[in-house]
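These notes concern the structure reproduced below.
Residue numbers (our numbering): 143 to 529.
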């Protein structure tokens, strides 16, 4: 997880290491595969099969097949990671998320160093068109990848002892500033939505008055700090101008028949006309200048009605399982709140971007699968201890 934020090119470092994980962890006997992980893997296997079948209609068949193979690879990685989490859920969840947060912190610091040109050539290396991108190719992916780490640090601030909460608060500041300077509208909305769900779940699942008081206090202080930081940042004219531009949805690349929303309208018409899909990359090669910027539409285009429906079932099923399990009072409640809230934000952002190969999407999905599969064992252990 410590290399998951280094994505200058593909395959990324994390992708190469994932190959060792997929083979090595089951051989070492440190995995336990439950119903949630197995069921979702089956959905993804059929989804990829539908996508490969539709590749016969792709304008560039070789790259289309490679795209589907990468999807299979990421799904297998998520399956193995879910098995690893399920075998010893709570400590392994925190291990994974701490390394992931460390990776995001490094990426955020490089993005900030680039944006403010702290080091020679840092601006050219770690920014793109005036937007921080850190160790990622795309500022949009950079901003989105920070979301799970931000949710995790905020949850620690809400629930952990004061010393740990103070450290988490300090870590969250550069993460949030880097998120702002990525100027990714989708990432902003994703993080806000994830934090809203995390705070809501924390509020409805706690019974202690002091936790409610802390929730209100942290929310108030956090809002004030963010407001002050935003006001200070907006004093820079270049930041203020780009922020105003990015906050608007009536830019040339959004509106019109050749814009983002025009492309999505084309995609919906093609989906209705082609129940078996049109093949991966055919939309951008033959019908529009780019992909539809909506992962759900992309799945229906790439894998037909069956593949698109299976994708929806996997996403909605994962969210439903996570939300249901997060309401149960066990030792895994906190991890489930974090994973479910983070995944919900990524799923929402999929409405405005093609997130089908985002590594943190598969990471959060795997965490939910593993935590849900660990629930029966954890619940029975806690019951025996109580008795």
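Backbone N, C-alpha and C fix where the C-beta goes; we use that ideal spot for every residue, glycine too. Just so it is clear, the structure is predicted and the values come from calculations on it, not from any experiment.
Within 10 angstroms of the Cβ of residue 444, are there 16 or more other Cβ atoms? Answer buried if so, exposed if not.
Residue mapping note: residue 444 aligns to position 302 of the chain shown, counting from 1. With 16 or more Cβ atoms within 10 Å of its Cβ, residue 444 is classed as buried.
Can you tell me whether residue 242 is buried or exposed, with buried defined as 16 or more other CB within 10 angstroms of its CB?
Counting from 1 along the chain shown, the entry for residue 242 is found at position 100. Flag for residue 242 reads buried.
Label residue 338 either buried or exposed according to how many other C-beta atoms from any shown protein chain fall within 10 Å of its C-beta, with 16 as the threshold for buried.
In the chain shown, the residue the question calls residue 338 occupies position 196. Classification for residue 338: exposed.
Are the CB atoms of residue 296 and residue 336 within a distance shorter than 7 angstroms?
Counted from its first residue, the chain shown places residue 336 at position 194. Counted from its first residue, the chain shown places residue 296 at position 154. Not closer than 7 angstroms, so no.
Any heavy atom of the ligand NAD within a distance shorter than 6 angstroms of the CB on residue 513?
As for the ligand NAD, it is missing from this structure, which has no ligand bound.
In or out: residue 303 buried (at least 16 other Cβ within 10 Å) or exposed?
In the chain shown, the residue the question calls residue 303 occupies position 161. Looking at its Cβ environment, which holds fewer than 16 other Cβ atoms inside 10 Å, residue 303 is exposed.
Which whole-angstrom value is the C-beta distance of residue 442 and residue 419, which I expect to be below 8 angstroms?
Walking along the chain shown from the start, residue 442 turns up at place 300. Walking along the chain shown from the start, residue 419 turns up at place 277. 7 angstroms between Cβ atoms; contact.
Ends of the alpha helix (DSSP H) at residue 243?
Here residue 243 corresponds to residue number 101 of the chain shown, with the count starting at 1. Segment 231-257, the alpha helix (DSSP H) holding residue 243.
Less than 8 angstroms between C-beta atoms, sequence neighbours within five positions excluded: which residues of the same chain meet that for residue 311?
Here the question's residue 311 lines up with position 169 in the chain shown. Closer than 8 angstroms at the Cβ level, and outside the excluded window around residue 311, lie 295 and 299.
Any idea what DSSP makes of residue 174, helix, strand or coil?
For the purposes of this step, residue 174 is identified with residue 32 of the chain shown, where counting begins at 1. The answer is coil: DSSP assigns residue 174 none of H, G, I, E or B.
DSSP beta-bridge partners for residue 273?
Within the chain shown, residue 273 is the residue found at index 131, counting from 1. Note: residue 273 sits in a beta bridge opposite 270.
Given residue 430, which residues of its chain have a CB within under 7 angstroms of its CB, disregarding the five upstream and five downstream residues?
On the chain shown, residue 430 is found 288 positions in, with the first residue counted as 1. So the qualifying residues of the chain are 405 and 408.
So, helix, strand or coil for residue 278, using DSSP?
In the chain shown, counting from the first residue as 1, residue 278 sits at position 136. Correct three-state label for residue 278: strand.
Considering Cα atoms alone, identify which of 209, 207, 187 and 206 is closest to residue 220.
In the chain shown, residue 220 corresponds to position 78, counting from 1. It is 187 whose Cα lies nearest to the Cα of residue 220.
Tell me the residue span of the alpha helix (DSSP H) that contains residue 460.
Stepping through the chain shown from its first residue, residue 460 is reached at position 318. Its alpha helix (DSSP H) spans residues 437-468.
Residue 508 and residue 224 look like a contact to me (Cβ under 8 angstroms); what is the Cβ gap, rounded to whole Å?
Translated into positions along the chain shown, residue 508 becomes position 366. Translated into positions along the chain shown, residue 224 becomes position 82. Going by Cβ atoms, the distance from residue 508 to residue 224 rounds to 4 angstroms, so yes, they are a contact pair.
Which residue from 479, 384 and 446 puts its Cα closest to that of residue 411?
Working through the chain shown from its first residue, we reach residue 411 at position 269. Closest option to residue 411, Cα to Cα, is 446.
Alpha carbon to alpha carbon, how far is residue 171 from residue 270? Give it in angstroms, no decimals.
By 1-based counting over the chain shown, the position of residue 270 is 128. By 1-based counting over the chain shown, the position of residue 171 is 29. Their backbone Cα atoms lie some 43 angstroms apart in a straight line.
Taking C-beta to C-beta, are residue 516 and residue 228 nearer than 7 angstroms?
Translated into positions along the chain shown, residue 516 becomes position 374. Translated into positions along the chain shown, residue 228 becomes position 86. Yes; because the gap between Cβ atoms is below 7 angstroms, this pair is in contact.
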